[in-house]
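Numbering (numbering that gives the first Met the number 0), first residue to last: 0 to 230.
Virtual Cβ for every residue (Gly too), placed ideally from N, Cα, C.
Structure, as structure tokens:
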Amino acid sequence: MALARARDLDLTSKERQVLVRYGEPRSLQAYINSIPINHELEGDTCYTVRQVLRYRRAHCIEAALVAACALWLHGEAPLIMDMRARGDWDHVVALFRRGGLWGAIAKSNHVALRGRDPVYRTLRELALSYFHEYHNERGERTLREYSRAFDLRTIAVEDWVTGEAGAWEAERRVDLARHYPLIPASQSRYLSPIDAMEWKAKRLVEYPHPHRHRRDAATARLPKAAGAALR
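Next comes the structure, spelled out in structure tokens:
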């Protein structure tokens, strides 16, 4: 696998210096964790890598693009995977392999939906590792599908690395990628809602929403009102 050169990606020297520091998934995940969550206070965004580095904030797909770009600079394929939920936010992660097993680099405001060590034989196994802690505002377990590995080299660099119009094309393309059911539809009836302890864990976020503290205080005693903070 040929590594991507900074000049081919049209990265500035400063942008390259940031990304090449993180050649291993462990350090890359720590860097992704250090980027504050993008609460989209001014409306929906889908930042490119350049915009994330400039604004120093990201939500899941934005961070996945940064991680994929960093891995590409170190000679690994820039792969991402989409996970679809029913009545909830989707989640996008960057993929990597070690010893033939899959792992993920991921951004979440919640601890349970972050990266995964490379211990999964298939992408389905990897996606299933997110299932139990994936809840919506009604306390339902919502994860239903996962995509094939989407190779970002199939779209233009400006559509996800350096463009100023956002990475909407990358979002569109990974959403169009083939998706596979994670669980049989008939099993949905057997899924248990989250309990009070899970709701307490759900409310633990690294970057609190600046306008959400009053609502959260008002619903703190209502486990079934579990808020799905921005993934």
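- Here residue 55 is exposed. Its C-beta has fewer than 16 other C-beta atoms within 10 Å.
- In this structure the stretch 174–182 does not lie against the stretch 28–35, because fewer than three pairs of beta carbons, one per stretch, are closer than 8 Å.
- Per DSSP, residue 69 lies in no beta strand (DSSP E) segment; the continuous alpha helix (DSSP H) that holds it begins and ends at 59–72.
- Around the beta carbon of residue 77, 16 or more other beta carbons lie within 10 angstroms, which makes this residue buried.
- Less than 8 Å separates the beta-carbon of residue 112 from that of residue 133.
- By the Cβ test, the stretch 75–95 is not in contact with the stretch 6–14, since fewer than three Cβ pairs between them sit closer than 8 Å.
- When the five nearest sequence neighbours on each side are left out, the beta carbons in the same chain lying within less than 7 Å of the beta carbon of residue 57 are those of 34, 37, 46, 51, 65, 106, in order along the chain.
- DSSP places residue 9 outside both helix and strand once states are collapsed to three, so it counts as coil.
- With respect to the C-alpha of residue 80, the residue from 49, 170, 207, 110 having the closest C-alpha is 170.
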